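Protein chains in written order, with the working numbering: chain A, 932 to 1385; chain B, 10 to 319.
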């Protein structure tokens, strides 16, 4: 144990002396985070929606590039050959290397989280759960990093192999591109990648219900981690002269690939592929605010209140709260979806709510939810919702209710998903839905009052 | 005397190449044993099998009474190793390296004592990348001694060292002998083997072709004395050939080379001959056979006879 502890400590000391490792291990994740923040800087609390992805990218980089690069470069130098001449067993070196990497990744994640908090992100909903989920995610990716280190004969090979894992995971694995934005086939593919489960697990702890909802994700990640670490230890190569092509035990790659396959198949069998996998979870509001305090009724809203609203909102053609113009037609791809929503609104239960303010709030969510997850259909639904509202409410009443919502954005509850209207995806963060509801309510008032004529 | 290392019938094949073809040698306690051989002779493969870095196809390796193939971890506690080029991480310091490697053993030598012994105190906290070749080699030796080994194995330790560092290394190896350590030394430097080793084994094409003390090997392979002289003018070879006991005569410019069993009468006759031809003797060198001669003789393709002495 003494040897393991000393090797762990020494590995960390050497890491913190390596400028390039610090640059890639710490600065790069922070830059990534700031890039996201800049992209969404006009929003009140945008980062909380992306922490799952941001933390996953950090873990992925540290485990699948940092770990194998260090391991392979030391092997090329002959350091591991010298270690082999000591009586410390292989497993002790593997464990201490993995632990050192975990500490490095954890500190990078904490730094990233700290920066996000300093930029205005609210505290994670379940900090302890987040640490547990982060640990399981790290375990899975460190196992993968160990396997990459054993496959790669030299450092350039690490980069090549790492990219083969990193890029697909980013693009179709649900890490950089939200699953809801992916075509169905890609959602099926993503179920075989650990990145999807990493994002889901971390995001649920940052802005969801915590560990209780991510049992499958943790199981999937643990399975992938066990397979990776076991294979990494069995395939362990001490000497740069030992080429992977000539080494024995290549069959240990079978359990690694088998774990990915098993996780994907299990997800298929359990019908976890589509983003709105759990009807109960998706249909339920993400967060229900405490019972509203006795407030002045919306009927007391005056024209002066309406005129005093801040009508400065993002442009209709932008990324946030887009709004299709009257001449703009939905593409073939989204036309059916728009039509399904138009028809569905007539019988949609949240749209038949008895309380007028909550009813309008729910209907505004039909525009806000697709916008918060950047669905292709997002810009075509606001006109549909506005039209529906104008059909069911007289003009003055509708203006007062919408003004009330604008003035009380934190009241009532918001809808997290409109999957029952045929639009897949889960917003995940109620605060963002409230923010978008606020923006669309103003845009609706602008149109109803004729301040803009579209 | 206690046998510390016993290698028997060691065989190793890499595809079609048979690197080791039954290597046998023994190393007694307190000895410095040199494993000599040209490149590709099987020296590295032998050491790698002894160290457990490679698994032999056949044969046994016994170190301090333990079967090295069955009990590798126990054997690693008995041996200290300095590889040909010990590379550590660029940023690690000698103090940290000694602390780290010491932690791998149950009763490590105090780091400060090792730093003092191997003259590394001044560089104790310097990064490995800033150490000179000699300092790196001293650190490699210090690492071999972190756990007070019974047998020290040095793989071509003087490769790449400047003369001063080499001199210091040789002094350190002699000190190991004085301290009672048993040393297995792999080298291709014949003067190093001759100066340091109690016994040497010459390996060629995967087999041990000669074992014994350097003196015994030289004596056994002695082919007399080699004479070289340079005169002020060319000497007629026919007149030289008339000197009794002179053989293998050849000349290069004004220099003449030959061999003889007894140099004294031949050189006397040579002086008379030069005086008769009016030539002046500029240089004269008489050399006995050396370990190098034995090595070259035994590792020539045409000579595969084996010499085994005490």
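Glycine included, each C-beta is placed from N, C-alpha and C at the ideal position. Here the structure is a predicted model, which is why all the values come from computation and not from measurement.
Between which two residues does the alpha helix (DSSP H) containing residue i stretch?
i                       : result
residue 67 of chain B   : Counting along the chain, residue 67 of chain B falls outside any alpha helix (DSSP H), though it belongs to the beta strand (DSSP E) covering 67–72.
residue 1065 of chain A : 1058–1082
residue 142 of chain B  : 142–153
residue 1169 of chain A : Neither: residue 1169 of chain A is in no alpha helix (DSSP H) and is coded neither H nor E.
residue 1289 of chain A : 1287–1303
residue 1267 of chain A : 1263–1275
residue 963 of chain A  : 959–970
residue 1044 of chain A : 1021–1049
residue 220 of chain B  : First-last for residue 220 of chain B: 216–221, but that is the beta strand (DSSP E), not the alpha helix (DSSP H).
Within the same chain, show all residues whose beta-carbon is closer than 7 angstroms to that of residue i, passing over the 5 residues directly before and after it, in chain order.
i                       : result
residue 1130 of chain A : 983, 984, 987, 1105, 1106
residue 128 of chain B  : 147
residue 1085 of chain A : 1003, 1007
residue 994 of chain A  : 1032, 1036, 1069, 1072, 1073, 1075, 1076
residue 281 of chain B  : none
What do you get for residue i, buried or exposed, if any count of 16 or more other CB atoms within 10 angstroms of its CB means buried?
i                       : result
residue 274 of chain B  : exposed
residue 13 of chain B   : buried
residue 59 of chain B   : buried
residue 182 of chain B  : buried
residue 1175 of chain A : exposed
residue 938 of chain A  : buried
residue 242 of chain B  : exposed
residue 284 of chain B  : exposed
residue 28 of chain B   : buried
residue 1227 of chain A : Note that residue 1227 of chain A scores a pLDDT of 47, beneath 50, so its modelled location is shaky and nothing firm can be said.
residue 1224 of chain A : For residue 1224 of chain A, the pLDDT reaches just 44, beneath the cut-off of 50, and the residue's location in the model is therefore unreliable, although a value from the coordinates is still provided. That one is exposed.
residue 1302 of chain A : buried
Determine the DSSP secondary structure at residue i, reduced to helix, strand or coil.
i                       : result
residue 1308 of chain A : coil
residue 1229 of chain A : helix
residue 1216 of chain A : Summary for residue 1216 of chain A: the model assigns pLDDT 31, below 50, so the residue's position carries little reliability, and this model does not support an answer.
residue 878 of chain A  : Nothing about residue 878 of chain A can be read from this structure; chain A reaches only from 932 to 1385.
residue 164 of chain B  : strand
residue 114 of chain B  : coil
residue 1009 of chain A : coil
residue 1187 of chain A : helix
residue 936 of chain A  : helix
residue 1252 of chain A : coil
residue 43 of chain B   : strand
residue 34 of chain B   : strand
residue 983 of chain A  : helix
residue 211 of chain B  : strand
residue 268 of chain B  : strand
residue 297 of chain B  : strand
residue 1211 of chain A : Per-residue confidence for residue 1211 of chain A stands at a pLDDT of 32, beneath the threshold of 50, marking its modelled position as unreliable; the derived number appears in the next sentence. Helix, per DSSP.
residue 1354 of chain A : coil
residue 29 of chain B   : strand
residue 263 of chain B  : coil
residue 1221 of chain A : In this predicted model, residue 1221 of chain A has a pLDDT of only 38, less than 50, meaning its place in the structure is not dependable; the value taken from the coordinates is given anyway. Looking at residue 1221 of chain A - three-state DSSP - the assignment turns out to be coil, as it is neither helix nor strand.
residue 91 of chain B   : strand
Got a sec, what are the start and stop residues for the beta strand (DSSP E) residue i sits in?
i                      : result
residue 322 of chain B : This structure leaves residue 322 of chain B out entirely; chain B is present only between 10 and 319.
residue 77 of chain B  : No beta strand (DSSP E) contains residue 77 of chain B, which DSSP labels as neither H nor E.
residue 193 of chain B : 191–196
residue 15 of chain B  : 12–23
Cα-Cα, which of the options is closest to residue i?
i                       : options                        : result
residue 189 of chain B  : B/55, B/161, B/121             : B/161
residue 1020 of chain A : B/92, B/86, B/52, B/56         : B/86
residue 1128 of chain A : A/1343, A/1191, A/935          : A/1191
residue 108 of chain B  : B/280, B/80, B/151             : B/151
residue 186 of chain B  : B/301, B/30, B/27, B/41        : B/41
residue 246 of chain B  : B/207, B/212, B/279            : B/279
residue 1242 of chain A : A/1375, A/1074, A/1089, A/1108 : A/1375
residue 1198 of chain A : A/1162, A/1150, A/1167         : A/1150
residue 124 of chain B  : B/103, B/253, B/141            : B/103
residue 51 of chain B   : B/289, B/302, B/210            : B/210
residue 233 of chain B  : B/269, B/165, B/149, B/178     : B/269
For residue i, return the contacting residues in chain E, with the cut-off set at a CB-CB distance below 7 angstroms.
i                       : result
residue 1305 of chain A : Among the chains of the structure shown, chain E does not appear; the protein chains present are A and B.
Would the beta-carbon of residue i be found less than 7 angstroms away from any heavy atom of the ligand NAP?
i                      : result
residue 145 of chain B : Among the components of this structure there are no ligands whatsoever, and the ligand NAP is therefore not found.
Excluding the five sequence neighbours on either side, which residues of its own chain have a C-beta within less than 6 angstroms of the C-beta of residue i, listed in chain order?
i                       : result
residue 1123 of chain A : 1191, 1195
residue 1325 of chain A : none
residue 1141 of chain A : 1057, 1060
Looking only at its chain, what residues have a beta carbon closer than 8 angstroms to the beta carbon of residue i, apart from the 5 residues adjacent to it on each side?
i                       : result
residue 1153 of chain A : 1067, 1070, 1071
residue 287 of chain B  : 242
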